[in-house]
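Take a look at the structure below.
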Amino acid sequence: MPSNHNDVMLLEELRSLETELHTIETRRNTHRLETLLHPDFVEFGRSGERYTRAEILNEFGPTSVLPSVRSGILI
3 MPSNHNDVML
13 LEELRSLETE
23 LHTIETRRNT
33 HRLETLLHPD
43 FVEFGRSGER
53 YTRAEILNEF
63 GPTSVLPSVR
73 SGILI
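Heads up, the sequence shown is in our numbering, so the first residue is 3 and it goes up one at a time.
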């Protein structure tokens, strides 16, 4: 659990950015994804498959048909 105001603010910012990645608007906005995803970004899907930033950027985009994301963030 965060112990001070700065920790709480950082946690809220990180939560907001992570949640933004789940929106269809962000997932279809290549420029925003490039901004949010670090060049060394790696994602592991539920299946255990590994996805790089380049693969995500290639898969997502303005015309992509993407499933909705449902997540829970625990503190």
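Idealized CB from N, CA, C, for every residue including glycine.
Source: prediction; values computed, not measured.
When DSSP states are grouped into helix, strand and coil, R55 belongs to the helix group. One thing to note: E36 has its Cβ no nearer than 8 Å to the Cβ of T28. In this structure, R55 places its C-beta atom within 8 Å of the C-beta atom of F43. About 14 Å separates the Cβ atoms of T25 and G63, ruling out a contact at the 8 Å cut-off. For R52, same chain residues with a beta-carbon under 7 Å away, outside a window of 5 residues either side, are V44 and F46 in chain order.
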